[in-house]
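Asker:
Protein chains in written order, with the numbering used here: chain A, 1 to 465; chain B, 1001 to 1465.
#1: Just to confirm my understanding: we take residue 1277 (chain B), look at its own chain, exclude 5 residues before and 5 after, and list those with CB closer than 8 angstroms. What are they?
#2: Using DSSP with H/G/I as helix, E/B as strand and the rest coil, what is residue 267 (chain A)?
#3: Could you spell out where the beta strand (DSSP E) holding residue 1159 (chain B) opens and where it closes?
#4: Here's the rule: buried if 16 or more other CB atoms are within 10 angstroms of the residue's CB, otherwise exposed. What is residue 218 (chain A)?
#5: So, at 8 angstroms on beta carbons, what are the nonlocal neighbours of residue 225 (chain A) in its own chain, with the 5 sequence-adjacent residues on each side left out?
#6: Ordered along the chain, which non-local residues of its own chain (more than five positions away) have a Cβ less than 6 angstroms from that of residue 9 (chain A)?
#7: Report yes or no: is there a C-beta of chain B within less than 9 angstroms of the C-beta of residue 186 (chain A)?
#8: Quick one: what's residue 197 (chain A) bridged to in DSSP?
#9: Residue 29 (chain A): buried (16+ other C-beta within 10 angstroms of its C-beta) or exposed?
#10: Quick one: residues in its chain with C-beta nearer than 7 angstroms to the C-beta of residue 1432 (chain B), no 5 flanking neighbours on either side, listed in chain order?
#11: CB-CB under 6 angstroms to residue 1315 (chain B), same chain, minus the five flanking residues each way: which ones, in chain order?
#12: So which of A:137, A:212, A:176 and A:180 has the shortest CA-CA distance to residue 161 (chain A)?
#13: Determine, using beta carbons only, whether residue 192 (chain A) comes closer than 9 angstroms to chain B.
#14: Quick one: what's got a C-beta closer than 7 angstroms to residue 1317 (chain B)'s C-beta in the same chain, skipping five residues either side?
#15: Taking C-beta pairs closer than 9 angstroms, name the residues in chain B that residue 291 (chain A) reaches, listed in chain order.
#16: Apply the 10 Å Cβ neighbour rule to residue 461 (chain A) and answer buried if 16 or more other Cβ atoms are within range, or exposed otherwise.
#17: Could you give the first and the last residue of the continuous beta strand (DSSP E) run that contains residue 339 (chain A)?
#18: Report the option in A:246, A:236, A:216 and A:237 whose CA atom is closest to the CA atom of residue 229 (chain A).
#19: Could you confirm whether any beta carbon from chain B is found closer than 9 angstroms to the beta carbon of residue 199 (chain A)?
#20: In three-state DSSP terms, what is residue 1171 (chain B)?
#21: Decide if residue 120 (chain A) is buried, meaning its Cβ has at least 16 other Cβ atoms within 10 Å, or exposed.
#22: State the Cα-Cα distance for the pair residue 1344 (chain B) and residue 1299 (chain B), rounded to the nearest angstrom.
#23: Which one of A:178, A:257, A:365 and A:255 has the shortest CA to CA distance from residue 323 (chain A)?
#24: What residues match up with residue 1436 (chain B) in a beta bridge as DSSP calls it?
#25: So what does DSSP say about residue 1429 (chain B), is it helix, strand or coil?
#26: Please report the distance separating the alpha-carbon of residue 1437 (chain B) from that of residue 1443 (chain B).
#27: If you measure from the beta carbon of residue 161 (chain A) to each beta carbon in chain B, is any gap under 9 angstroms?
#28: State buried or exposed for residue 1445 (chain B), treating a residue as buried only when at least 16 other CB atoms are found within 10 Å of its CB.
#29: Tell me, please, whether the CB atom of residue 247 (chain A) is closer than 9 angstroms to any CB atom in chain B?
#30: Have a look at residue 1387 (chain B) and residue 1093 (chain B) and give me their C-alpha separation to the nearest angstrom.
#31: Please report the residue range of the beta strand (DSSP E) in which residue 1393 (chain B) lies.
#32: Alpha carbon to alpha carbon, how far is residue 280 (chain A) from residue 258 (chain A)? Give it in angstroms, no decimals.
#33: With DSSP collapsed to three states, give me the class of residue 1104 (chain B).
#34: Taking only the alpha-carbon atoms, compute the straight-line gap between residue 1457 (chain B) and residue 1430 (chain B) and give it to the nearest angstrom.
#35: Buried or exposed for residue 1095 (chain B), please, with buried defined as at least 16 other CB atoms from any protein chain shown within 10 angstroms of its CB.
#36: Which runs of the alpha helix (DSSP H) fall wholly inside the segment 1106-1162 of chain B and span at least 4 residues, in chain order?
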């Protein structure tokens, strides 16, 4: 049997999911496979019925945690067909010079997938499952926790109505209406925190032959200190670029007000990309400026009746490419708890939030940290040298030293909090080591190798003690 | 002329204050004295019309920042008549042994005042001011920032109505409805964070002769590690006690469920207080359990139309006794900005929030830190020795070394953020020093004195460099 083996049903219940995005549709699959009746309510129209022209092309990086969760319902292979592996970062400097940095070893990659495309696949799969019903255009106006009722508006008919729920899963994202109800309960811990940066999606067109105008199997970065642009490949030969840019300041959304200003700015700082972006000015002024929020809250559940999953409880900034992966991992972890506890929802929700909260917090910190790294440090020769040395250490001590990025990205299940703690320990070692290293070859100095061994032993002893 | 000299009016405007508590009523005075028309809307009934029996006796510690703000409208003397100075902490150990710790030097004290009594005085003064109108029983249901309208409910008549505002001051406390509207604006940073502790107000009765059964001019503390009780004197010979206690755990609100359990617990851990608390069990089960929230948000203003003042923008836990004082200081700072900028409200609100936000954040941190100190450390002999040594240093270097507590409490205007930074530097020095000190007399060792001098010089040089 494959990993999609259908678990034994543990009693059918009527479950309501508010939100049919990536996490909601995957969770619907997980829950329906257990024999539960699952109703998915989604605020937006059915993305499968919207003309392709309407949706902008947003892509996301799927990595091992995400794959594991998809494989948990047997749909990994299906998604892999529409995913483009990216084996390395390609850094573009201001003169158009390229520097390559592999993400991992061998065939390790993160995968560029279209958000809308993946959502459509997951919705199709969920809808084909017995017991799943999908209802679009259903806006949640209010959740009455006491009476277990949703106040909804059908945005197609503008009709408002009340619907009871037995068990409610808040998969409605960073601006979750379900979380809004939890937030009003006694002693609710909550924070929403914005970066002073926004993002703008732009586009690199396919070449005249329909091919990719930059290296296809890579994530491209134009790091520029106080801002940066990235690009991920799409199946149609284009790349979706995202400019992460300050709202205010000398170089900022506030100062780029005309097409001429935008063209001049890109010509100066993203010179090699500009010729590949024929619609730059249109995209820049037509596409909305997105904000970058980190949401933290606790608890994630209310009695045995309501639980938050994915961005609804832990929206993070996109710089580690883990938002979707963390949400998918939520589904996998919840499913494992269902294996253990059947329909003892109180225990399941309690253990879920206790297990996931420290990991969500760690991932939120890592995502902000990676923003600083991508923006500032990947253009720094000393940082690149440190990364090279670290990969040598990792090659020499593969069991003891897995780089932080790999622990987060290429581990299917190392808890984020554990990855963060390991990463901080390794960073301390690396900083000490770099004082002794001027160039790559220095790593082969016996003295340096001895130092590495000693420090790793020392750290190991300290932890054991 | 006294400090209450009426400033020159800079043009009369119609100002709306949502909230007529301590900060709202003081702010009304400040604004009306400038010739503005001030309407104060308050959710609760007029506290001057409620029977004395109805309100519980809550008292607060007024300190120098608060006095300065009261004196700014010439009412310091009036309030001082009903305030009881507390010159020191008196710690009660489990055996009833007392330890005394002065708050400052000479006549420095913090002042116990009745919250309700002070509110009534401020409301009387505000109402007597031309241009001030007070309306009670007005609940704010919604603030429409775009149309500048308040949706209100008159809780006496249950009538709902809409009222426009020109300029709105959110003085409506920790659960501010005005902040609720700001929170929905784009990129709003917000957090609410609760301690795992609640508080319960209890009472120590006056003695048979009507006098105080504990030392009157002191703040009493029963520190017990994971919880504590404090008591502040009232004018009628009673003390208001506050028990700060975990919600859950071995000793917690969850485990004290019957009068017998409460009496037994108090008999064990607050043995000297128990005989003075004849209504203990009744108070314990009739008084609500309060929660302890820290609120942080930014920005505090919306255009030149709305601004948050006091707890609405920076609710803090009560352990430094600075919540009311910080709110009163807001009024004083806002008034100084009005002196500088007249009715340029945009500049006033911008500068107000930029100036106050770092100080509010510092005070929030200090309040949580002081909770840990009061709960755990004031019962630790090493800590008490450190405090004694510190007071010797302060006596020897009065210009260079003012203890953190004094900077916060007995300075009328040192910014909280500056006090925190100074305090952290001093704490580092003290920790280093305490390694060389076993008893109080050790401070007189020439080597220790030399060390103090060196460290202070070193810190000073580092800051200058």
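Just so it is clear, CB atoms sit at the ideal spot from N, CA and C, and this is done for glycine as well.
Answerer: Reading off the structure:
#1: 1202, 1203, 1204, 1205, 1241, 1266 and 1283
#2: helix
#3: 1159-1164
#4: Looking at its Cβ environment, which holds 16 or more other Cβ atoms inside 10 Å, residue 218 (chain A) is buried.
#5: 375, 376 and 379
#6: Caution applies to residue 9 (chain A), whose pLDDT of 44 falls short of 50 and renders its modelled position unreliable; the value that the coordinates give is listed next. Only 34 and 35 meet the Cβ criterion.
#7: yes
#8: A:246
#9: buried
#10: 1455
#11: 1174, 1293 and 1295
#12: A:137
#13: yes
#14: 1195, 1292, 1294, 1367, 1368 and 1371.
#15: 1186 and 1187
#16: exposed
#17: Unbroken run through residue 339 (chain A) is the alpha helix (DSSP H), 323-341; no beta strand (DSSP E).
#18: A:246
#19: no
#20: In the structure shown, residue 1171 (chain B) sits in coil (DSSP, three-state: anything other than H, G, I, E or B).
#21: buried
#22: C-alpha of residue 1344 (chain B) to C-alpha of residue 1299 (chain B): approximately 18 angstroms in a straight line.
#23: A:365
#24: None, per the DSSP bridge assignment.
#25: Residue 1429 (chain B) sits in a helix when the DSSP states are folded into three classes.
#26: Cα atoms of residue 1437 (chain B) and residue 1443 (chain B): separation of roughly 7 angstroms, rounded to the nearest angstrom.
#27: no
#28: Exposed is the call here.
#29: yes
#30: 18 angstroms
#31: In the DSSP assignment, residue 1393 (chain B) falls outside any beta strand (DSSP E) and lies within the alpha helix (DSSP H) extending over 1381-1396.
#32: If you take the alpha carbons of residue 258 (chain A) and residue 280 (chain A), they lie about 12 angstroms apart.
#33: coil
#34: Approximately 14 angstroms, taken between the alpha carbons.
#35: exposed
#36: 1115-1127
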